[in-house]
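J.:
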């Protein structure tokens with residue numbers, strides 16, 4: 054049997070872990086700058102908690118085996134449903150939280166493009182009853198903050214509204230019972246051609262005439278103010294209650310985005326649908342525009358929307374909520390490429406003993422560590438100086454601290470800068486301050 | 054249906070997350086001080102990877118349902134077997150790594166005492182072929198470092214050796230095929246009386262005479278040098294090859310522990326057995342001594358041992374390895390009690406608008422955030438000053454930054470220290486430096 058990780062999963066090596074820490078810390082500071090606190094939930098939920106929340110993707114949920122516990126369990130599929138469950142469990146009426154954790158999907162893995170079955174999501178959500186579009190604007194503002202802090206140049210936020218989508222579906226004659234299915238077909242427009250999507254719609258039972266009307270709408274996109282003008286000139290649409298209300302809300306949202314000074318990042322795009330069942334208001338996704346030109350395709354980095362009816366589905370009161378999820382796997386892959394690889398080891402010093410006892414080495418190692426210097430040594434009684442230097446070099450440790458017979462006698466150590474090769478004698482009582490100064494510790 | 058987390062699991066609220074971050078950072082700096090790098094592995098492994106590694110506890114493994122993937126999967130039970138699998142998968146011959154992650158056990162939960170089905174382990178291991186007992190001594194040294202950094206006063210490291218255990222079992226006449234079963238009975242001596250354990254041994258097929266001989270050995274414990282002396286005077290034991298070899302190794306280990314200056318923390322205890330199958334050399338566990346006297350029982354905080362044959366069981370070369378796992382759940386519970394609860398929110402400032410537009414508030418919020426001040430505001434067009442101050446207070450945010458008509462006119466803001474109640478006017482261009490100074494940012 055091949056000794057490997059399960060399909061669609063992979064190990065994280067020390068460099069992966071360093072890069073991940075770095076990116077998570079950026080995200081955490083962005084989330085905190087916008088007033089969020091952190092929470093966590095179990096990796097699995099009671100199966101019924103996840104049921105009927107993800108539309109066609111529900112079949113991708115990992116179930117746990119029934120081992121006679123009397124509970125049906127499933128691995129979390131996203132962090133939004135666990136958040137709604139958290140609010141319901143603890144009877145909270147409002148919470149602005151972030152949550153960074155792995156989620157699980159039995160999707161066809163595409164690992165070279167960053168699609169895994171176990172992957173991190175970094176979610177930010179605002180739950181609570183606030184004024185229309187104010188938290189929505191703050192979410193989009195945070196996304197711009199995140200993109201800029203992650204050094205994602207040339208990004209765009211595609212934005213639409215589920216009410217507007219439902220409204221124009223109605224205007225196009227989509228029957229009530231087909232709305233989610235047609236929505237899910239439209240959602241595929243970023244990967245499929247219109248003809249393929251049209252075929253899927255017809256296959257799902259839609260009239261050809263309706264499909265052709267839909268095509269006119271999905272082509273509407275661009276500057277928010279201009280799209281709003283186009284929509285308001287469409288009297289069929291403005292007569293639809295859902296559409297008219299959504300357009301009013303979008304006007305309010307755009308006015309806030311102008312105050313935040315971020316409207317230039319927004320592409321109001323009526324072909325955006327988003328797959329998940331639970332959205333009720335604005336929906337959005339941030340995409341990297343140059344993605345095709347680079348070695349690694351980034352594509353969509355983050356997506357989310359408003360879901361005012363999800364918490365209420367747990368039998369408690371509805372709590373209006375909005376939020377988004379940052380998918381960092383592709384960001385991590387890019388950052389890893391560009392990361393300076395020569396100091397993954399966070400070790401500061403390697404103690405090299407030459408013709409001294411292991412006890413002498415240990416005493417020096419212990420002194421350095423107790424003073425906050427990350428220190429390694431060869432776990433050997435007898436080993437040549439050359440081999441010890443080789444180890445220090447191979448591990449990318451910046452300083453070797455050398456003790457030999459002469460150093461022991463004069464109560465000194467020799468310090469070798471492993472990059473410059475420079476070597477100097479340092480009195481033993483000054484070694485800690487000597488190293489800390491050079492390590493900027 | 055009750056909206057809850059699965060049996061034996063729980064949500065982590067913002068305070069839990071803050072305390073966990075704090076404790077993890079302490080552990081990470083201890084691990085790094087001893088030269089370890091971080092790795093991560095998937096939450097589930099191929100089932101066969103975990104099979105036959107955990108002795109009687111194997112039945113506690115969570116299996117995933119068979120959803121037609123052609124792979125049998127199971128949630129990780131500890132971090133040691135995934136580490137061995139990692140070494141085998143990547144063909145590594147040596148690695149000193151730490152790994153902080155959740156593990157899963159279908160154990161009877163005892164949540165008030167910190168026993169959960171999903172819980173964190175923080176593992177440190179040294180894999181590689183080094184001189185006898187040198188990495189072993191460094192592991193024990195690191196445990197002392199960790200205990201001291203976690204402020205665990207009055208702890209003790211119980212220490213023994215699997216070779217010595219097997220040796221004295223042989224001397225007591227335990228048949229080969231019963232050795233692991235009898236070892237697992239001895240392992241229960243910290244929770245059961247000798248009579249109960251004796252009964253279990255007899256039940257497993259051991260002669261009463263052998264059990265009585267074992268009793269004499271399990272009572273040997275104390276200062277390592279004294280225990281070594283006692284053992285060396287026992288000629289029956291010294292004639293046993295395994296026991297004699299282990300005693301020699303222990304002498305070497307104790308000499309290194311003396312150099313590290315930590316021998317006073319060691320209790321050489323022949324009743325220590327540790328349940329897991331894979332140990333081959335020294336075994337140890339760190340316990341908090343005053344545990345019964347406090348509200349929360351800490352008990353065993355950390356445990357581990359040497360496992361030289363585990364990596365080889367994946368069909369690759371054997372890699373001698375030693376390591377331990379820190380169980381932090383009980384530490385977290387104690388730290389949570391003592392944690393200053395009044396600033397779980399990491400928000401620095403709450404912008405209060407009085408008779409100004411939402412746009413005016415947003416502009417100030419945006420300015421503060423862009424300057425690195427974590428800032429919140431009420432997501433409302435119209436809200437009284439009193440309600441805004443209430444929010445800031447309730448969330449424990451240290452400063453309110455107030456704009457009203459007069460402040461807008463004079464291009465100032467008022468800053469209210471929410472703890473002292475003190476309020477002062479600050480020119481708008483100085484607000485960031487004013488806050489940063491008071492926040493020590």
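Residue numbers (the numbering used here), protein chains in the order written: chain A, 54 to 494; chain B, 54 to 494. C-beta atoms are modelled at their ideal positions from N, C-alpha and C, and glycine is treated no differently.
With a threshold of 7 Å between beta carbons, is residue 318/B in contact with chain A?
T.: no
J.: How many angstroms separate the CA atom of residue 183/B from the CA atom of residue 333/B?
T.: In a straight line, the C-alpha of residue 183/B is about 15 Å away from that of residue 333/B.
J.: Kindly list, in the order they appear in chain A, the residues whose Cβ is closer than 9 Å to that of residue 497/B.
T.: Within the shown structure, residues of chain B are numbered from 54 to 494, placing residue 497/B beyond reach of any answer.
J.: From residue 449/B to residue 372/A, what does the alpha carbon distance come to, in whole angstroms?
T.: Cα-Cα distance, rounded: 23 Å.
J.: Sort 226/B, 406/B and 245/B by Cα distance to residue 434/B and report the nearest one.
T.: 406/B
J.: Is the CB-CB distance between residue 220/B and residue 274/B below 7 Å?
T.: no
J.: State the start and end residues of the unbroken alpha helix (DSSP H) segment that holds residue 216/B.
T.: 215–224
J.: Using the three-state DSSP reduction, which class does residue 188/B fall into: helix, strand or coil?
T.: helix
J.: Within 8 Å, do at least three Cβ pairs link the segment 238–257 of chain A to the segment 362–372 of chain A?
T.: With a cut-off of 8 Å, the segment 238–257 of chain A and the segment 362–372 of chain A do not count as touching, because too few Cβ pairs lie within range.
J.: I want to know whether the segment 83–91 of chain B touches the segment 147–166 of chain B - three or more CB-CB distances under 8 Å.
T.: yes
J.: Based on Cα-Cα distance, which residue from 141/B, 89/B, 113/B and 418/B lies nearest to residue 161/B?
T.: 113/B
J.: From residue 348/B to residue 170/B, what does the alpha carbon distance come to, in whole angstroms?
T.: Only weak support exists for where residue 348/B lies, its pLDDT of 45 falling under 50; the value from the coordinates is given anyway. Distance between the alpha carbons of residue 348/B and residue 170/B is about 22 Å.
J.: So residue 60/B packs on residue 122/A, CB below 8 Å; how close in whole Å?
T.: 7 Å
J.: Nearest to residue 202/A by alpha carbon, out of 76/A, 54/A and 261/A?
T.: 76/A
J.: For the segment 424–445 of chain B, which residues have a beta carbon sitting closer than 9 Å to at least one beta carbon of chain A?
T.: Under the 9 Å Cβ criterion, the segment 424–445 of chain B contributes 425, 426, 427, 428, 429, 430, 431, 432, 433, 434, 435 and 436.
J.: Which chain B residues are close to residue 193/A, counting only those with a beta carbon under 7 Å from its beta carbon?
T.: Ordered by position in chain B, no residue passes the 7 Å Cβ test against residue 193/A, which lies about 12 Å from the chain.
J.: Going along chain B in order, which residues have a C-beta closer than 7 Å to the C-beta of residue 54/A?
T.: Simply 101.
J.: Skipping 5 residues on each side, what residues in its chain have a beta carbon closer than 7 Å to that of residue 284/B?
T.: 290 and 300
J.: Could you check the C-alpha separation between residue 379/A and residue 339/A for me, to the nearest Å?
T.: 9 Å
J.: Since residue 131/B and residue 64/A should fall inside the 8 Å C-beta cutoff, what is the C-beta to C-beta distance between them, to a whole number of angstroms?
T.: Between residue 64/A and residue 131/B the Cβ distance is about 16 Å, and since that is not below 8 Å, they are no contact.
J.: With DSSP run on the structure shown, which of helix, strand or coil describes residue 169/B?
T.: coil
J.: Does any residue of chain A bring its CB to less than 7 Å from the CB of residue 238/B?
T.: no
J.: Look at the Cβ atom of residue 107/B, then the Cβ atom of residue 159/B, and state whether they are nearer than 7 Å.
T.: no
J.: Please report the straight-line C-alpha distance between residue 266/B and residue 213/B, rounded to a whole angstrom.
T.: 18 Å
J.: So if DSSP puts residue 177/B in a beta bridge, which residue, or which two residues, is it bridged to?
T.: 151/B and 377/B
J.: What would DSSP say about residue 133/B, mapped onto helix, strand or coil?
T.: helix
J.: Quick one: list the residues of chain A neighbouring residue 486/B, beta-carbon separation under 7 Å, in chain order.
T.: Ordered by position in chain A, no residue passes the 7 Å Cβ test against residue 486/B, which lies about 17 Å from the chain.
J.: Specify the secondary structure class of residue 495/A as computed by DSSP and reduced to three states.
T.: Because chain A here runs from 54 to 494, residue 495/A falls outside it and cannot be looked at.
J.: Beta-carbon of residue 139/B versus every beta-carbon of chain A: anything under 7 Å?
T.: yes
J.: So, helix, strand or coil for residue 357/A, using DSSP?
T.: strand
J.: Mapping DSSP to helix, strand and coil, what is residue 68/A?
T.: helix
J.: For the candidate residues 469/A, 478/A, 387/A and 383/A, whose alpha-carbon lies nearest to that of residue 402/A?
T.: Check the Cα spacing between residue 402/A and each of 469/A, 478/A, 387/A and 383/A: the tightest is with 469/A.
J.: If I'm right that residue 57/B touches residue 142/A with Cβ under 8 Å, what's the distance once you round it to whole angstroms?
T.: About 6 Å separates the two Cβ atoms, so the contact holds.
J.: Less than 6 Å between C-beta atoms, sequence neighbours within five positions excluded: which residues of the same chain meet that for residue 375/A?
T.: 179, 188, 189, 192 and 359
J.: Determine the direct distance from the alpha carbon of residue 408/B to that of residue 483/B, and round the result to whole angstroms.
T.: 23 Å
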